[in-house]
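Below you'll find the structure, written out as structure tokens, and then a few comments.
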Amino acid sequence: MPFAVARLPFVLLSLRAMVVNDQNKFQAIISHAKEYGFVFQSSEIYDGLSAVYDYGPWGSELKKNIREAWWNAMTRMHDNIVGIDAAIFMHPTTWKASGHVDNFSDPMIDNKDSKKRYRVDHLIEGFADALNKEGKTTEAEKLIADMDALLAANDYGGLKQLIDDNKMKCSVSGTCNWTDVRQFNLMFSTQLGSVAEDASEIYLRPETAQGIFVNFLNVQKTARMKIPFGIAQVGKAFRNEIVARQFIFRMREFEQMEMQFFIRPGTQQEWYAYWKAERMKWHESMGIPAESYRFHDHVKLAHYADAAVDIEYSFPFGWKEVEGIHSRTDFDLKSHQQYSGKKLQYFDTEINQNYVPYVIETSIGLDRMFLLTMCHAYQEEKWTKEDGTEDSRVVLKIPAKIAPIKLAILPLLKKEGLPDIAKEIMATCRTEFYCFYEEKDTIGKRYRRMDALGTPFCITIDHQTKEDQTVTIRYRDTMTQERIPVEGLVQFIKSKL
Ligand code: ATP
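Quick note, the sequence shown lines up with residues 114 to 610 if you use my numbering.
So this is what it looks like as structure tokens:
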């Protein structure tokens, strides 16, 4: 069916992104997220709870769509990956075995004047960023290399010396009056049991991975999995982050999407390379160009890993981790085997051998992926109209397949039977994808609101619809419009998702 491109209500002489600096852009994204119902501060009426956030109507929809995109990519698109949904509470010995009781801590330093506490790596990285901005890139690189070496050696005296030698200042007091570097555990604990005396201390899980490890045999046997195979899980994790800032980038309650891939020992290098490439492909499939990402190899490896890399994204506040890929060896299964006294092994019929499998983990923060999507999508555009006047809009160019609302259905007028036709179209489309019906305000205002929510398609029902059963479809990204028949609309939109 040839569609006539309708004349635009205005001519875009020059559509251009407004120049905003990164810090302003980030503040604008935070305000936008609140104003348009994406993210709210938790318990806002009580002045909020630090580093805890709630997702609003469109935020929860976007988050669900990202979660589904990940889940489907992992489970539906891989014959050898299945999912689970384990409990947040786990037997306390789990965290002894995983190493979290003894090792899950960050080196911190306090400024004695302001009492502000910093994660040592963040303080030094912040100082290196400032050096970079002054053009002192060599000094910045050397500083980061020195820090990585000291962290790898757990040399806290050396880290303190590095901070002192560079005269790093506290952003609040402006002084260099620092305490020694110390470790703080990040796990939240609580009591299980109704009577205090009977209660035993348990933890809110700081990662979802351990729920997968302790279920390794349950899943392998019941789902009849053969190595190599993976177990995927999405769920809440909790960390008592000392330095919690940058909006939803670092939260105390957040969601992780993790997958543990169980392999034959000795094959970890090839599977590590495979998952690095596979995960980067997924990021690109989410509509984010490759140049917005980079790999960052870990110098200091966690106690369980023999190789680790972060996928970093260029956020408005710098390059930061969104996802980690870790070669975890057989550390976790072996340790659970030792602490529980239960065998966690696999009999490999191909080589007639029993072994504790090795593991490659992919671990991504759902909230961070959400923030990344918002940062990438948020654009302020300005253009000159045909009559020489200026116009502008804020638009979220969220990829159509994960946009909260896919189609807005807008009758041009609230009368003359147009709402009835629109509601009929709504009834047909809403079972297929998320639709939004709106009849208030001028059509221009309604388009702007849909741009701000990231709705990729709007259709307008007007008098011509009554005559020839066509509607005007408007595309969010280009603002172009064309007429298309109502019949086949569902298929037309689906083909674009
Ligand atoms: P960071 O260095 O930023 O603290 P991490 O290396 O401790 O992160 P992992 O333990 O590897 O993070 O967790 C995997 C993923 O979970 C991270 O890549 C990130 O996307 C997410 N994540 C971790 N901590 C938080 C947090 N406090 N808030 C939101 N997401 C988080």
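Just so you know, even glycine gets a beta-carbon here, dropped at the ideal spot from N, CA and C.
Check, Outcome
"Cβ-heavy atom distance, Met372 to the ligand ATP, below 6 angstroms", "no"
"Option in Gly454, Lys138, Glu425 with minimal Cα separation from Glu434", "Glu425"
"Inter-residue CB distance, Phe362 and Phe301 (contact presumed, cutoff 8 angstroms)", "The pair is not a contact, with the Cβ atoms about 19 angstroms apart (cut-off 8 angstroms)."
"Uninterrupted alpha helix (DSSP H) stretches inside the region 184 to 267 (no shorter than 4 residues)", "206 to 210, 213 to 216, 233 to 246, 250 to 265"
"C-alpha gap between Gly287 and Gly161, whole angstroms", "27 angstroms"
"Separation of Pro524 from Tyr550, as counted between CA atoms", "9 angstroms"
"Meets three-Cβ-pair contact criterion under 8 angstroms: the region 256 to 270 and the region 382 to 399", "no"
"From Thr250, Ile473, Glu529, residue whose alpha carbon lies closest to that of Asp419", "Ile473"
"Contact belief for Ala71 with Glu371 at Cβ below 8 angstroms, rounded distance in angstroms", "What the structure shows of the chain is the stretch from 114 to 610, and residue 71 is not part of that stretch, so it cannot be assessed."
"One or two residues paired with Pro524 in a DSSP bridge", "Ile574"
"8 angstroms contact criterion, which Tyr387 and Pro205 should meet: CB distance rounded", "The Cβ separation is near 35 angstroms, so there is no contact."
"Inter-residue spacing [alpha-carbon to alpha-carbon] between Leu432 and Thr292", "Residue 432 is actually Trp in this sequence, not Leu. So the two alpha carbons sit approximately 28 angstroms from each other."
"Selected residue, minimal CA-CA separation from Ser440, among Phe430, Arg543, Met563, Asp410", "Asp410"
"Neighbour-count burial assignment, Leu305, 16 or more Cβ in a 10 Å radius", "exposed"
"Residues near Arg377 by beta carbon distance below 8 angstroms, same chain, minus five either side", "Ile340, Pro341, Asp461, Ile464, Tyr468, Pro470, Tyr471"
"Reduced DSSP secondary structure (H/G/I, E/B, other) of Phe326", "helix"
"Any non-hydrogen atom of the ligand ATP within 6 angstroms of Arg481 CB", "yes"
"Contacting residues, own chain, Cβ-Cβ under 6 angstroms from Ala521 (five flanking each side not counted)", "Phe549, Met563, Thr568, Cys571"
"Leu526 classed as buried or exposed, judged by whether at least 16 other C-beta atoms fall within 10 angstroms", "exposed"
"Heavy atom of the ligand ATP within 6 angstroms of Ser651 beta-carbon", "Here the chain has residues from 114 to 610 only, and residue 651 is not among them."
"CA nearest to the CA of Asn193, picked from Val332, Phe217, Arg358, Arg596", "Val332"
"8 angstroms Cβ shell around Lys609 - same chain, five flanking residues per side excluded", "Ala513, Pro569, Phe570"
"Length of the line joining the Cα atoms of Gln604 and Gln582", "16 angstroms"
"beta-carbon Gln154 near the ligand NAP non-hydrogen atom, thresh 6 angstroms", "Ligands present in the displayed structure are limited to the ligand ATP, and the ligand NAP is not among them."
"Beta-carbon gap between Tyr600 and Ile586 smaller than 7 angstroms", "The question names Tyr, yet the displayed sequence has Glu at residue 600. In this structure, Ile586 does not lie closer than 7 angstroms to Glu600 by Cβ."
"Beta bridge counterpart(s) of Ser476 as assigned by DSSP", "Glu371, Gly437"
"Val152 - DSSP class collapsed to helix/strand/coil", "strand"
"Selection from Arg407, Tyr417, His416 that minimises the alpha carbon distance to Asp423", "Arg407"
"Between the CA atoms of Ser427 and Ala241 - distance to the nearest angstrom", "16 angstroms"
"Pick from Pro598, Leu566, Met592 that is closest to Gln577, judged by C-alpha positions", "Pro598"
"Heavy atom of the ligand ATP within 6 angstroms of Glu254 beta-carbon", "no"
"Paired residues, beta bridge with Val347 - DSSP", "Met370"
"Rounded distance between the beta-carbons of Phe483 and Lys105, thought under 8 angstroms", "Within the shown structure, residues of the chain are numbered from 114 to 610, placing residue 105 beyond reach of any answer."
"Reduced DSSP category for Ala182 - H, G, I as helix; E, B as strand; rest coil", "helix"
"Spatial distance of Leu121 from Leu566 (CA atoms)", "With a pLDDT of 41 at Leu121, under the threshold of 50, the predicted position of this residue should be treated as unreliable, though the coordinate-derived value follows. If I take the Cα positions, the gap works out to 22 angstroms."
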